[in-house]
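Student: Its first residue numbered 8, the sequence shown is counted upward by one per residue in the working numbering.
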Amino acid sequence: MRSIELNIQDAVFFAEKQYEANQAKAVDAMTTLENGTGAGADFLGWLHLPSETPKSLLESINKTAARLREKCDYVVCIGIGGSYLGAKAVISALSDNFADFYGPAPKNPKIVYAGQNISEEYTAELEKLLEGKKFGIIVISKSGTTTEPAIAFRIFKELLEKQAGKDAAKDLIVAITDEKKGALRTLATQEGYETYVIPDNVGGRFSVLTPVGLLPIACAGFDIEKLVHGAAEMEETAKHPGAENPCEIYARLRNALYESGKKIEILVNYNPKLHYFAEWWKQLYGESEGKDSKGIFPASVDLTTDLHSMGQWIQEGERTIFETVLSVKKPAITRRIPQDAANLDGINYLAGKNIDEVNKMAELGTKIAHVDGGVPVIKIELNALEENTLGQLIYFFEKACGISGYMLGVNPFNQPGVEAYKKNMFALLEKPGYEAETAAIKSKLNK
Ligand code: PA5
Numbered sequence: 008m009r010s011i012e013l014n015i016q017d018a019v020f021f022a023e024k025q026y027e028a029n030q031a032k033a034v035d036a037m038t039t040l041e042n043g044t045g046a047g048a049d050f051l052g053w054l055h056l057p058s059e060t061p062k063s064l065l066e067s068i069n070k071t072a073a074r075l076r077e078k079c080d081y082v083v084c085i086g087i088g089g090s091y092l093g094a095k096a097v098i099s100a101l102s103d104n105f106a107d108f109y110g111p112a113p114k115n116p117k118i119v120y121a122g123q124n125i126s127e128e129y130t131a132e133l134e135k136l137l138e139g140k141k142f143g144i145i146v147i148s149k150s151g152t153t154t155e156p157a158i159a160f161r162i163f164k165e166l167l168e169k170q171a172g173k174d175a176a177k178d179l180i181v182a183i184t185d186e187k188k189g190a191l192r193t194l195a196t197q198e199g200y201e202t203y204v205i206p207d208n209v210g211g212r213f214s215v216l217t218p219v220g221l222l223p224i225a226c227a228g229f230d231i232e233k234l235v236h237g238a239a240e241m242e243e244t245a246k247h248p249g250a251e252n253p254c255e256i257y258a259r260l261r262n263a264l265y266e267s268g269k270k271i272e273i274l275v276n277y278n279p280k281l282h283y284f285a286e287w288w289k290q291l292y293g294e295s296e297g298k299d300s301k302g303i304f305p306a307s308v309d310l311t312t313d314l315h316s317m318g319q320w321i322q323e324g325e326r327t328i329f330e331t332v333l334s335v336k337k338p339a340i341t342r343r344i345p346q347d348a349a350n351l352d353g354i355n356y357l358a359g360k361n362i363d364e365v366n367k368m369a370e371l372g373t374k375i376a377h378v379d380g381g382v383p384v385i386k387i388e389l390n391a392l393e394e395n396t397l398g399q400l401i402y403f404f405e406k407a408c409g410i411s412g413y414m415l416g417v418n419p420f421n422q423p424g425v426e427a428y429k430k431n432m433f434a435l436l437e438k439p440g441y442e443a444e445t446a447a448i449k450s451k452l453n454k
């Protein structure tokens, strides 16, 4: 059953001409994607992943998760970019807002993240949190050589071996990496860690429905079968090109808006649980489309919070933006606004209403104001924040991203630009093999 609905009526009239004109291009991009005849076709493993995920893989992941849940109060999920954002997006969307403050419960470990920055304080403070605690590690790196997770893994592996003993630690570490090659694969084989494979033909930012996302999500206690099932439902919905395909419509519209001068897309939510979903979405679209001096800049805001900081810019700043609003139909818990005898704050007119009624009116009022102010607003309505709906949403954005990238005329599945900072960082750190780059960067700095 479809549990997300796309509504373009408050956006399409801003770029009607471009939208009418690019229909054939959208069908073409969709067909190219499905037929695997476009740039980066070696990385289309995600396209039919939901419908082709074997039950045995999900069972195996659930079994590993059950072991870690049994033995750990904390599970450290080590990875960066596509190797952690999907898991964090889903876990945050499904968790209690204050889950972190409750502390671990038996068989219900806290998921904490490492290797997604190079902050000394973050690492040291996480070490402090884990001192004397029962914890396990899921280390995720497709290449196995990314600096950030490599540093974190050294540190937390050392702590785990010190606390649990080298042999017991082996049972508490799971590596998710390339099937055959890379430093992490070699280490996992040497040490005898349990491993899962990141398929060769699935890039990091498209990997949330592989063990990369599924194992941490299962460790957090969520239902990965429902998540994958939801994605498979959207895979079926978005199978054929044409005006009924929501992925194609979204890809087509954002390209039409881009052509009409809207260079920035803001993913908006009215529910703080979706904050990290936007972080995942930003990587998906930013890394896929920002190349060859092209691409919509993906940004995000949490509303109504950011209406009190970014609202002015959105309402009256440069008219180069459009919004895609994630709107959750019904909250999982209801709470009414109380009556107050003194009514000093003047909000008694709201007494008796659910808080979500006010949120929905804020959303509607904001949409009208933004559209009036020249901001196209696309709406994606989600039935509820639960696994099936999130699976549908993930696949919706992935497929739309592939179509959109092809419409834009880029290879949506590579990320050559990510190497530039690494090359300079290695040169500055005098990594062996980078002698020429070290000399070049030093002379540049001394100019
Ligand atoms: O999408 C991508 O390819 C990147 O974000 C990678 O996931 C990220 O750089 C981490 O790479 P790796 O998994 O090889 O450590």
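Even for Gly, the Cβ is constructed at its ideal location relative to N, Cα and C.
Looking only at its chain, what residues have a beta carbon closer than 6 Å to the beta carbon of Asn252, apart from the 5 residues adjacent to it on each side?
Tutor: Excluding positions up to five away in sequence, the list reads Ala245.
Student: Straight-line CA distance for Lys476 to Leu221?
Tutor: What the structure shows of the chain is the stretch from 8 to 454, and residue 476 is not part of that stretch, so it cannot be assessed.
Student: By Cβ distance below 7 Å, which residues in the same chain neighbour Ile410 in space, the five residues on each side in sequence not counted?
Tutor: Around Ile410: Ala33, Ala36, Met37, Leu40, Cys254, Glu255, Ala258.
Student: Where Gly89 and Trp287 are concerned, what is the direct C-alpha to C-alpha distance, given to the nearest angstrom?
Tutor: Approximately 8 Å between the Cα atoms of the pair.
Student: With C-beta atoms as the reference, is Phe329 less than 8 Å away from Ala28?
Tutor: Their beta carbons are not under 8 Å apart, which means Phe329 does not touch Ala28 by this criterion.
Student: Any heavy atom of the ligand PA5 within a distance shorter than 7 Å of the CB on Ile87?
Tutor: Result yes, Cβ under 7 Å from the ligand PA5.
Student: Which of the three DSSP states is assigned to Tyr81 in this structure?
Tutor: It is a strand residue.
Student: Secondary structure at Asn29, three-state DSSP: helix, strand or coil?
Tutor: Correct three-state label for Asn29: coil.
Student: Alpha carbon to alpha carbon, what distance is there between Val382 and Thr327?
Tutor: Computed Cα separation, rounded: 8 Å.
Student: Could you tell me which residues DSSP pairs with Lys386 in its beta bridges?
Tutor: Answer is Asn14, Val332, bridged to Lys386.
Student: Where do the N-terminal and C-terminal ends of the alpha helix (DSSP H) with Ile231 fall, by residue?
Tutor: Element bounds for Ile231: 231-244.
Student: What residue ranges within the segment 72-139 form continuous alpha helix (DSSP H) runs of no fewer than 4 residues, ordered along the chain?
Tutor: As far as the segment 72-139 is concerned, its whole alpha helix (DSSP H) runs of at least 4 residues are 92-101, 106-109, 127-137.
Student: Are Leu179 and Glu134 close, meaning C-beta to C-beta below 8 Å?
Tutor: Their beta carbons are not under 8 Å apart, which means Leu179 does not touch Glu134 by this criterion.
Student: Counting only the same chain and skipping the five closest in sequence on each side, list residues whose C-beta sits under 6 Å from that of Pro156.
Tutor: Cβ neighbours of Pro156 beyond the five flanking positions: Ile85, Gly86, Ile87, Gly122, Ser148.
Student: Any chance the segment 399-410 sits against the segment 256-276, with 3 or more Cβ pairs inside 8 Å?
Tutor: Yes: the two stretches touch, three or more of their Cβ pairs being nearer than 8 Å.
Student: Starting from Phe142, follow the beta strand (DSSP E) in both directions and report where the run begins and ends.
Tutor: Note, Phe142: beta strand (DSSP E), 142-148.
Student: How would you call Gly93, buried or exposed, if buried means at least 16 neighbouring beta carbons within 10 angstroms?
Tutor: That one is buried.
Student: Where DSSP assigns a beta bridge to Lys466, which residues make up the other side?
Tutor: Outside the displayed span of the chain (8 to 454) sits residue 466, for which this structure offers no information.
Student: Express the C-alpha separation of Ala407 and Lys301 in angstroms, rounding to a whole number.
Tutor: Each residue's Cα considered, the two are about 17 Å apart.
Student: What alpha helix (DSSP H) runs, 4 residues minimum, are completely inside the segment 417-444?
Tutor: Taking only runs of at least 4 residues, the alpha helix (DSSP H) segments lying wholly in the segment 417-444 are 426-435.
Student: Can you give me the Cβ contacts of Phe420 inside the same chain, cut-off strictly under 6 Å, excluding the 5 residues immediately before and after it?
Tutor: Closer than 6 Å at Cβ, skipping near neighbours: Gly47, Phe50, Gly210.
Student: Suppose the cutoff is 7 Å on Cβ atoms and the five residues either side in sequence are ignored; what does the same chain contact list for Tyr120 look like?
Tutor: If we look at Tyr120 and ignore the five residues flanking it on each side, its Cβ neighbours are Cys84, Tyr91, Lys95.
Student: Any heavy atom of the ligand PA5 closer than 7 Å to the CB of Thr396?
Tutor: Checking the Cβ of Thr396 against the ligand PA5 gives no.
Student: Where does the unbroken alpha helix (DSSP H) through Pro364 begin, and where does it stop?
Tutor: The sequence given here places Glu at residue 364; Pro does not occur at that position. It spans 362-379 - the alpha helix (DSSP H) in which Glu364 sits, taken as one unbroken run.
Student: I'd like the span of the beta strand (DSSP E) that includes Tyr203, first residue to last.
Tutor: Where Tyr203 is concerned, the enclosing beta strand (DSSP E) stretches over 201-204.
Student: Do Arg261 and Ile303 come within 8 Å of each other at the CB atom, strictly closer than that value?
Tutor: Going by C-beta atoms, Ile303 is nearer than 8 Å to Arg261.
Student: What does the Cβ neighbour count give for Tyr109, buried or exposed, with the cut at 16 atoms within 10 Å?
Tutor: Exposed: under 16 other Cβ atoms inside 10 Å.
Student: When you measure from the CB of Ser450 to every non-hydrogen atom of the ligand PA5, does any distance come out below 7 Å?
Tutor: Checking every heavy atom of the ligand PA5 against the Cβ of Ser450, none is found closer than 7 Å.
Student: Beta strand (DSSP E) containing Glu272: first to last residue?
Tutor: Here the beta strand (DSSP E) through Glu272 covers 271-276.
Student: Is it buried or exposed for Gly249, if we count other Cβ within 10 angstroms and need 16 for buried?
Tutor: Classification for Gly249: exposed.
Student: Could you tell me the distance, in whole angstroms, from the CA atom of Ala446 to the CA atom of Thr154?
Tutor: If I take the Cα positions, the gap works out to 21 Å.
Student: Using a Cβ-Cβ cut-off of 8 Å, state whether Phe284 counts as contacting chain B.
Tutor: Protein chain content of the structure displayed is limited to a single chain, and chain B is not contained in it.
Student: If we ignore side chains and look at the alpha-carbon of each, how far apart do Ile183 and Glu232 end up?
Tutor: Approximately 19 Å between the Cα atoms of the pair.
Student: If you run the structure through DSSP and keep just helix, strand and coil, what is Arg261?
Tutor: Correct three-state label for Arg261: helix.
Student: Among Val235, Gly268, His55, Glu242, which has the Cα closest to the Cα of Ile68?
Tutor: The residue with the shortest Cα to Cα distance from Ile68 is Val235.
Student: Apply the 10 Å Cβ neighbour rule to Lys169 and answer buried if 16 or more other Cβ atoms are within range, or exposed otherwise.
Tutor: Its Cβ having fewer than 16 others within 10 Å, Lys169 is exposed.
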